[in-house]
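Worksheet: one structure, shown below.
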Amino acid sequence: MNDLDKINTLIYEIRGQRVMLDRDLASLYGVETSQLKRAVRRNIKRFEGDDFMFELTKDEISRCQIGTLNEGRGNNFKYMPFAFTELGVAMLSSVLRSETAIEINRAIMRAFVEIRRMLTESKTDRLSSIEVRIEKLETYMEEVLMDQNDINEETRLQLELINESLAELQSQKPSPKRPKIGYI
Numbered sequence: 730m731n732d733l734d735k736i737n738t739l740i741y742e743i744r745g746q747r748v749m750l751d752r753d754l755a756s757l758y759g760v761e762t763s764q765l766k767r768a769v770r771r772n773i774k775r776f777e778g779d780d781f782m783f784e785l786t787k788d789e790i791s792r793c794q795i796g797t798l799n800e801g802r803g804n805n806f807k808y809m810p811f812a813f814t815e816l817g818v819a820m821l822s823s824v825l826r827s828e829t830a831i832e833i834n835r836a837i838m839r840a841f842v843e844i845r846r847m848l849t850e851s852k853t854d855r856l857s858s859i860e861v862r863i864e865k866l867e868t869y870m871e872e873v874l875m876d877q878n879d880i881n882e883e884t885r886l887q888l889e890l891i892n893e894s895l896a897e898l899q900s901q902k903p904s905p906k907r908p909k910i911g912y913i
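Going by this note's numbering, the first residue of the sequence shown is number 730, and it counts up by one from there.
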């Protein structure tokens, strides 16, 4: 598994945005999560707005299965994790100034771009395949309807012939009376 695949597995979709969690970023940057959070809180103006970073709720943590709540004291999240969007990850490079942070940040940006490219390509591919399938269905339905109209026309002609034959039979003179058979 290369770095791009590894990073792709760490990108989640939360609140309709693709994000990375603080603990994953901290492990990639080689720092502790608390250290990363401290650096972010010291520079909080750089991360204002949900388009850079937001704090997860307990419900989001359990729904996304990012972590499970364990029983007992000290086994649960004390502080809710931060979720960094693509813009937030880019902003982290200005907060964390190590060589490792710069290299990891480049790889993360490439991963976000790759995901975006894959999503846009797959949508156009899917749309074109759907268009082709719809065209095939339309031509098939036209053929079926034309066949059905042909059958209906043939059936109508046959019914007319049957009606004419019945009318001819009814218009014919009744056959002469036959003598009754049996005792009189």
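The beta carbon of each residue, even a glycine, is placed where N, CA and C say it ideally should be.
These figures come from a predicted structure and were not determined experimentally.
Quick check: what's the CA-CA separation for residue i versus residue j?
i    : j    : result
I833 : S763 : 18 angstroms
K735 : E871 : 50 angstroms
V760 : E864 : 55 angstroms
Q877 : T868 : 14 angstroms
I740 : E789 : 15 angstroms
G803 : T853 : A caution first: G803 carries a pLDDT of 46, below 50, which makes its placement in the model too unreliable to give a value.
E882 : R747 : 59 angstroms
D879 : Q887 : 12 angstroms
T884 : N892 : 12 angstroms
N772 : L825 : 11 angstroms
E860 : L733 : 33 angstroms
K787 : R770 : 20 angstroms
Quick check on DSSP: helix, strand or coil for residue i?
i    : result
R747 : strand
F781 : coil
Y869 : helix
M742 : The residue you asked about is not Met; residue 742 is Glu in the sequence shown. Three-state DSSP puts E742 in a strand.
R802 : Only weak support is given to the placement of R802: the predicted model assigns it a pLDDT of 49, under 50, and the value that follows is read from those uncertain coordinates. Of the three classes helix, strand and coil, the one that applies to R802 here is coil, per DSSP.
Which term fits residue i, buried or exposed, when burial requires 16 or more other beta carbons within 10 angstroms of its beta carbon?
i    : result
T814 : buried
Y758 : buried
M749 : buried
Taking residue i as the reference, give the member of the options with the closest Cα.
i    : options                   : result
G745 : M838, A812, T738 and L866 : A812
S823 : S858, L895, I844 and F776 : F776
L765 : R747, K787 and A830       : A830
R767 : A836, Y808 and Y912       : Y808
L754 : I837, P905 and R855       : I837
D780 : R752, M847 and I743       : I743
message = Tell me whether the region 774–789 and the region 817–831 touch, counting them as touching only if at least three CB pairs, one residue from each stretch, are closer than 8 angstroms.
response = yes
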